[in-house]
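Colleague: Numbering (the working numbering), first residue to last: 90 to 244.
A single structure is presented below for examination.
See below:
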């Protein structure tokens with residue numbers, strides 16, 4: 090049984106600060122939230138051990154890397170093809186994220202491509218697994234970190 094660890098307001102402040110800048114020093118982070126560097130270090134270790142923090146990464150500018158197009162591709166896979174579809178997508182560098190979803194479609198993929206011709210090739214390759222619906226991403230007006238959701242107060 091997976092249980093969620095109890096997080097207090099300091100833990101949430103740590104998580105929010107790390108999502109904004111995971112490279113900041115532990116002493117700077119401690120000053121920011123009102124804890125000593127050793128206390129911050131211990132809390133981060135506990136969050137990592139509990140699996141709340143799964144890792145650290147870097148955000149890349151896809152435009153500057155030559156990937157001028159992003160697409161969301163939904164696929165209604167035939168169920169017997171799902172394992173092969175997942176394997177195929179894992180081997181495609183254009184596929185950045187894959188979500189198994191509910192509704193008429195089975196999967197939603199976020200893909201980055203340089204040119205429309207590459208998108209066409211990608212769609213053709215994926216369509217052998219089922220019906221494909223494609224949407225081009227025009228912009229990303231919202232990209233925010235996870236923050237604590239407070240339950241509504243009883244009225």
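Where a beta carbon is used, it is the ideal one built from N, C-alpha and C, also for glycine.
Helix, strand or coil for residue 133? Go by DSSP, reduced to three states.
Modeller: Here residue 133 is taken as the residue at index 44 of the chain shown, counted from 1. Residue 133 falls in the helix class under three-state DSSP.
Colleague: Classify residue 119 as buried or exposed, calling it buried when 16 or more other Cβ atoms lie within 10 Å of its own Cβ.
Modeller: As a first step, residue 119 is located in the chain shown; it is residue number 30 there, counting from the start. When all chains shown are included, residue 119 counts as buried.
Colleague: Express the C-alpha separation of residue 136 and residue 95 in angstroms, rounding to a whole number.
Modeller: As a first step, residue 95 must be located in the chain shown, where it is residue number 6. As a first step, residue 136 must be located in the chain shown, where it is residue number 47. One C-alpha to the other measures close to 10 angstroms.
Colleague: Using only alpha-carbon positions, find the residue among 140, 124 and 163 that is nearest to residue 221.
Modeller: What you label residue 221 is simply residue 132 of the chain shown in a count that begins at 1. Answer by Cα proximity: 163.
Colleague: Leaving out the 5 sequence neighbours to the left and right, which residues in its chain are closer than 8 angstroms to residue 133 when beta-carbon positions are compared?
Modeller: Within the chain shown, residue 133 is the residue found at index 44, counting from 1. Excluding sequence neighbours, residue 133 sits near 103, 107, 115 and 142.
Colleague: Can you tell me whether residue 113 is helix, strand or coil according to DSSP?
Modeller: Within the chain shown, residue 113 is the residue found at index 24, counting from 1. Residue 113: coil per DSSP, three-state reduction.
Colleague: Run the CB neighbour count on residue 218, radius 10 Å, all protein chains shown included, and call it buried at 16 or more, exposed below.
Modeller: Your numbering for residue 218 matches position 129 in the chain shown. So residue 218 counts as buried.
Colleague: Identify the residues that DSSP records as bridge partners of residue 186: which are they?
Modeller: Translated into positions along the chain shown, residue 186 becomes position 97. Residue 186 pairs with 199.
Colleague: With a cut-off of 8 angstroms on the beta carbons, I'd call residue 188 and residue 197 a contact; round off their distance for me.
Modeller: Mapped onto the chain shown, residue 188 falls at position 99. Mapped onto the chain shown, residue 197 falls at position 108. Correct: roughly 5 angstroms between the Cβ atoms.
Colleague: Determine the DSSP secondary structure at residue 224, reduced to helix, strand or coil.
Modeller: By 1-based counting over the chain shown, the position of residue 224 is 135. Strand at residue 224.
Colleague: Enumerate in chain order the residues of its own chain whose CB-to-CB distance from residue 130 is below 6 angstroms, with the five nearest sequence positions on each side excluded.
Modeller: If you number the chain shown from 1, residue 130 lands on position 41. Cβ neighbours of residue 130 beyond the five flanking positions: 115.
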